[in-house]
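The listed protein sequences correspond, in order, to chains A, B, C and D. Position one of the first sequence corresponds to residue 0 (numbering that gives the first Met the number 0), numbered consecutively onward. Position one of the second sequence corresponds to residue 0 (numbering that gives the first Met the number 0), numbered consecutively onward. Position one of the third sequence corresponds to residue 0 (numbering that gives the first Met the number 0), numbered consecutively onward. Position one of the fourth sequence corresponds to residue 0 (numbering that gives the first Met the number 0), numbered consecutively onward. Beta carbons: idealized from backbone N, C-alpha and C, even for Gly. Each remark here refers to the structure printed beneath this line.
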Amino acid sequence: MNIPKDKLMLMLERMWLIRNFELKVIEAHKTGEFAGGAHPYIGEEAVAVGACIAMRDTDYIAGNHRSHGHPIAKGASLNKAMAEIFGRRDGYCKGKGGSMHLADFSVGILGESGIVGSSVPIATGAALASKLQKKDFVSAVFFGDGASNQGACHESMNLASVWKLPVIFICENNQYAVTTSYKSTVAVEHVSDRASAYNMPGVLVDGQDCIAMYEAMTEAVRRARAGEGPTLLEGLTYRFEEHSLGLGKIRRSEYRTEDEINSWRKRDPIVIHEDRLLKSEIASQAEVQHVRDHTEKLSMEALEFARKSPWPEVSELFEDMWADKTMPIP
Amino acid sequence: MNIPKDKLMLMLERMWLIRNFELKVIEAHKTGEFAGGAHPYIGEEAVAVGACIAMRDTDYIAGNHRSHGHPIAKGASLNKAMAEIFGRRDGYCKGKGGSMHLADFSVGILGESGIVGSSVPIATGAALASKLQKKDFVSAVFFGDGASNQGACHESMNLASVWKLPVIFICENNQYAVTTSYKSTVAVEHVSDRASAYNMPGVLVDGQDCIAMYEAMTEAVRRARAGEGPTLLEGLTYRFEEHSLGLGKIRRSEYRTEDEINSWRKRDPIVIHEDRLLKSEIASQAEVQHVRDHTEKLSMEALEFARKSPWPEVSELFEDMWADKTMPIP
Amino acid sequence: MPEMMVMQALNQAIAEEMRRDPKVFLMGEDVRASVYGASANLSREFGPDRIIDTPLSENGFFGAAIGASAVGMRPIVETLTSFMWVGMDQLVSQAAKMRYMFGGQVNLPVVFRAVMYYGGGSAAHHSDRSYPLFMNIGGLKVIVPGTARDAKGLLKTAIRDNDPVICFEDGTLLGQRGFVPDNSELPGGELLVPFGKAAIHRQGTDCTVVAIAGCVGLAIQAADELQKEGISVEVVDPRTLVPLDKTSILESVAKTGRCVIADPAAKVCSAASEIASIVAEEAFWSLQAPIMKVASEQVHIPFSQALEKHVYPTKEKIMAAVKKTMG
Amino acid sequence: MPEMMVMQALNQAIAEEMRRDPKVFLMGEDVRASVYGASANLSREFGPDRIIDTPLSENGFFGAAIGASAVGMRPIVETLTSFMWVGMDQLVSQAAKMRYMFGGQVNLPVVFRAVMYYGGGSAAHHSDRSYPLFMNIGGLKVIVPGTARDAKGLLKTAIRDNDPVICFEDGTLLGQRGFVPDNSELPGGELLVPFGKAAIHRQGTDCTVVAIAGCVGLAIQAADELQKEGISVEVVDPRTLVPLDKTSILESVAKTGRCVIADPAAKVCSAASEIASIVAEEAFWSLQAPIMKVASEQVHIPFSQALEKHVYPTKEKIMAAVKKTMG
Ligand SMILES: Cc1ncc(C[n+]2csc(CCOP(=O)(O)OP(=O)(O)O)c2C)c(N)n1
Ligand SMILES: Cc1ncc(C[n+]2csc(CCOP(=O)(O)OP(=O)(O)O)c2C)c(N)n1
Ligand SMILES: [Mg+2]
Ligand SMILES: [Mg+2]
């Protein structure tokens, strides 16, 4: 596939945006700047970025608790995302959602969801709407290896297949659900093997390689837009950090070895892409450095933005429950 | 497989028991002798009978809304079953369950369930118990082609596979869920094709042939008892009657053609088995006739039994909610 | 004013709204064949793209409806109350919560039509009356039509509403007939019943009976009989439980000083409990007698007709409760 | 009497019961690693056959636990309240209904331990407090320990109980310390708290505060502060909601004439509503003031700490309600 340079650079930029954003989130969590937890996407950037760059702005995505990477990959505002994680008024959800519930309906980001598997039917429904409306919008949903065991995934994939819906199911197989290896919970070798149970293509992709993801996704999107139905993509990947911030107490070595972690860290998706761009002389060292610096700056700005953003007012507690403004709150 | 004559005759008897029982139920429903509906098993007898004859009394089964065939195949009392359908005190559930909720825990019949797909996890749990208790009991669950689309099936099959549980998933593919063809709701050609998504054997069986069912089940039971894990059996079959008694208003021809119905009626599982027994001279005409007469008599007796059984007393309304007899009913 | 069954009134509401708005569609199991009755003939008029038969996957297709509503469609989902347990996560985690959680970014104009079969030997798995627990959840409007007119008018309003609505359709009413005005008789040319506005079916001065869904007719009968005995009962039908017309209930109790609540749901944490708690807090000083709940017994629904008939509120139980409050 | 966290009390209860009865086992997501804390060290003692990590399939493994309990095992399932929506069908259609539906043929000795995280920025998807709706369903015992002692004693009783039990574990309490008697200090050598028996944490004469789960401590604080102001509050902790110790509540209200109910659940159709309705019916003639509910606001749980803290009952809100009933 011949991918234009601007797309290749955009992938690098989005991956760096996610990486630097997450590093700020980790920093802010350590100093107790926001409440609750957060699930870092570090190590898995290529999956969301490769997939989202293959989509249009008018297309839809939905995600899960590991929730910062997907919207940023789709082009969400870092400022609004960080402010949301901080629970501030300028956040995407005015502080009501927090880390696990980023959403930007204006650019097709239908929301991240804390209940594992729960957003899979939602994305399927957006694809149904697209079909009924005779639009060519496609829909994609990100979920984990753990989530693949939920009935919601089964029902959605079957539904999408029999109705030939333009939806792409993207399993981010980072090989663990919290401390549980997918090998002990998923009965088949690869989640994508399950595609045959739904009569759709199932594609195992190197989730550390944004170009591999982009290419697989491009074909899935083509299929979907052409009315040929859904695809199940599995990006084999790894989370470099612990399951969530605050879960440090679970010594990682109890469920995954230092060796395993180190060997995956060597397959850093950003390093892989940068090296490729440099080696093939598509980008210069300066260009790459610019992306690093620029995304670091944007992430820092997001942190500053969030810190300065006002808290919501108490009265806002009772807003947004209902579209109907006349609804009494008991 | 060399099946002893007593088993072959038992299969014939159980099929006739179901058939004659169902005919009495239909008759009683027409004259308004009991409330609610009922889902006749006529045409599908070979599936439950072939499967249950391959099991032991100590093994477990669970079923669904099409609920009379499974317990009778497993050896339930016709009298208690009919009394239950009539809502009488001598019924299996003292009248509390009715047609859709026959159960006989004393012989491993863990109950029929009205919520489609809902008993699949229950049967899986019985198999889990068997494994934890280091017993060699196996568990089987009957569900429809429609039910196969429920998340509960997916989750249970995956669970059973990763835990290597002694459970057999028996899909009674009668090709329709009420008026909906499985071809428009199941994304694959055969429900048993889905077994590959759970790394278990999936076997498509002629559901009109009790011996085929028996043989497939025998192997599945062997596997289960040997600790090799679950199997998905699909008995391809057909219901000769409408979905449920009282749903006559849906003219069958609107969703299935007279031709289709007639061609399947020619493959009557009882006729197939009888013919085979006669042709191979395993059974004489007289023996076969005896089975017919005997089962007709038992069914008639069950009807009489149910008619004479007393209604439950009002006070019984408040019994059986709790194992704990001290529980106040508010 | 033509008389029709509640089932037909629902059917009219769906058909009228589908004609009016191409974004409206109906989905559910066997809706084309109209197995449950309310979608009769719709498939012929609107075709398979707008009357959609679904696989048996409640969680999946409930969610698909919610997702479709999030991006501009207006789905109506047909199901039974008892099948909502299977799709509960989508109803609660998504339909009820999405809007608030996302800071009001999205409207979810989706209607779940949940039929409540009870009283006819359907047994425990098919006889739920679960609206009280959806009242607890928040984020879902809960409507409980008690007459043919309200069935049509509330369902039409629900379809136009921009919030998720569950319409609980009382199975004991579906075959009952009632007057439904013809559109030509109506000022705006159509029947729209607003949410949050109770109907006062009988005016009275001695005791307020708040009656829900299938209890509305029973309460009216009870009121008419008690009238003959010289007891004047006011029958208040909230029609919608979320939003709840507290004002009408409180005003009525302020007038009568007595309150009986008739609710087909199981009595613990029922709608009756909620209404009683409101009255006990906000109309306390008007009360001249204990607040009485007449709700279903706290058991599952037994199959046997010999037992089942004793579970639910009846005219007699309502009358007895009113008399008890009269001392 | 050793002091320990509620979490540790729960852990002790599980360990003791597992030692006592080989039929007891624990299953849930990441229970071996004890991600939520209550299963710490159990895996080491009991091994992977009795401390079972499950796939992310709540409906599937809830059902598996129920099925296992139907044939002689005694499973304990660990989950969060918010994940129960996903497994709702098994909880309602099977755990709650099987016994009655099958005419009492089967006992289901299964315990669901449902952690309620709220108040710490977990947002709408992880902060449910759903016990009121399980009270409506029937067939499930519902327990809501409010102290470390009760957490241990009630959970042990639950594990021995032959009915399905949901133990709602209040997240605001898990890290709190309280006294739990050592087994050697106890007559029978172990701590078993009976179901259906309220605890009176403070005796009082002016107003009854019925307090649930995380509200128990708040109510005690409120009572102690009000004592200084000359108001005598009786704090009644039902400890179990199904069964509910009506008698203790009614006796207390008979004495005080006033009733405030403090409940962390959303206020509509809450446990508070139910208790208020009982008091309004059965203790009406003792009442000297309106019954007040102090429950959570009827909104979803907002993430922002600036908002979330305003949702739940507080000591101050309880005190204000008591004072209001005092006129
Ligand atoms: C229905 C449900 N069950 C359990 C949880 C708790 N939980 C949150 S994330 C998680 C693991 C998810 O694993 P996976 O789907 O592989 O995603 P990953 O975290 O690895 O990205 C669990 C068990 C939840 N949020 N929702
Ligand atoms: C969860 C749920 N959804 C819907 C129904 C209504 N219903 C009862 S039987 C049935 C069709 C079942 O089809 P299948 O599983 O193929 O079994 P069959 O009736 O063909 O034996 C439906 C839709 C139900 N009982 N439970
Ligand atoms: Mg994972
Ligand atoms: Mg079928």
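Asp52 of chain D has its CB no nearer than 7 Å to any heavy atom of ligand 1. With distances taken between CA atoms, Pro327 of chain A lies nearest to C:Asp244 out of C:Ser68, C:Asp88, C:Asp244, C:Glu44. Around Ser81 of chain D, the beta-carbon contacts reaching into chain A at under 7 Å are Ile114.
In the structure shown, Tyr175 of chain A adopts extended strand secondary structure according to DSSP, grouped into three states.
For Leu240 of chain D, the enclosing beta strand (DSSP E) stretches over residues 239-241. With a cut-off of 7 Å, the C-beta of Glu154 of chain A is classified as distant from ligand 2, since no heavy atom of the ligand falls inside that distance. Approximately 5 Å separates the beta-carbon atoms of Cys258 of chain C and Ile290 of chain C; this is inside 8 Å, confirming the contact.
If one requires a minimum length of 4 residues, the alpha helix (DSSP H) runs lying completely within the segment 99-154 of chain B are 119-131, in chain order.
Listed along the chain, the chain A residues whose CB falls inside 9 Å of the CB of Arg98 of chain C are Asp319, Met320, Trp321, Ala322. Using a Cβ distance threshold of 8 Å, Asn172 of chain A and Asp144 of chain A count as a contacting pair. Under DSSP, Asp205 of chain B takes part in a beta bridge, and its partners are B:Leu235. Put simply, the backbone Cα of Tyr197 of chain A is about 15 Å away from that of Arg222 of chain A. A residue is called buried once 16 or more other Cβ atoms fall within 10 Å of its Cβ, and Glu44 of chain B is buried on that count. Counting only residues of its own chain and dropping the five nearest sequence neighbours on each side, Phe136 of chain A has a CB closer than 6 Å to the CB of Thr57, Asp58, Ser129. Against chain C, the CB of His124 of chain D has a partner CB under 8 Å away; the residue lies at that interface. By the Cβ-count criterion, Ser160 of chain A is buried, with 16 or more other Cβ atoms from all chains shown falling within 10 Å of its own Cβ. By alpha-carbon distance to Thr78 of chain C, the top candidate from C:Ser68, C:Leu55, C:Ala94 is C:Leu55. When C-beta distances to chain C are compared with 7 Å, the residues of the segment 146-170 of chain A below that value are Gly150, Ala151, Glu154, Ser155, Asn157, Leu158, Val161, in chain order. Counting only residues whose CB is nearer than 6 Å to a non-hydrogen atom of ligand 3, the list in chain order is A:Gly143, A:Asp144, A:Gly145, A:Asn173, A:Tyr175, A:Ala176. Residue environment for Phe178 of chain C: exposed (fewer than 16 other C-beta atoms within 10 angstroms of its C-beta).
At least one C-beta of chain C is nearer than 8 Å to the C-beta of Phe283 of chain D. Excluding the 5 residues flanking it on each side, Phe302 of chain C has same chain C-beta neighbours closer than 7 Å at Gly120, Ala122, in chain order. When beta bridges are read from the DSSP output, Thr78 of chain C appears opposite C:Ala113. Between the segment 80-92 of chain B and the segment 102-114 of chain D there are three or more C-beta pairs closer than 8 Å, enough to call the two in contact. Closest in alpha carbon position to Ile158 of chain D, among D:Val310, D:Met97, D:Pro108, D:Ile260, is D:Pro108. Residues of chain C with a Cβ closer than 9 Å to the Cβ of Ala67 of chain D do not exist; the shortest Cβ-Cβ separation is about 20 Å. Not a single heavy atom of ligand 1 lies less than 7 Å from the C-beta of Ile2 of chain B. With contacts defined as CB atoms closer than 8 Å, Val140 of chain B and Ala122 of chain B qualify as a contacting pair. The beta carbon of Asp127 of chain D sits closer than 6 Å to those of Thr80, Ser81, all from its chain and outside the five residues before and after it, given in chain order.
Look at Val70 of chain C here: in three-state DSSP terms it is coil, with no helix or strand label. For a cut-off of 8 Å, the C-beta gap from Gly201 of chain B to Asp192 of chain B is around 6 Å, short enough to register as a contact.
Burial is judged here by how many other beta carbons sit within 10 angstroms of a residue's own beta carbon; Thr236 of chain A has at least 16 and is buried. In the three-state reduction of the DSSP assignment, Thr313 of chain C falls in the coil class. Residue pairing by DSSP places Gly177 of chain D opposite D:Met3 in a beta bridge. The three-state reading of DSSP puts Ala294 of chain D in strand, counting E and B together.
Between Ala197 of chain D and Asp149 of chain D, the C-beta gap is not smaller than 8 Å, which leaves the two residues out of contact.
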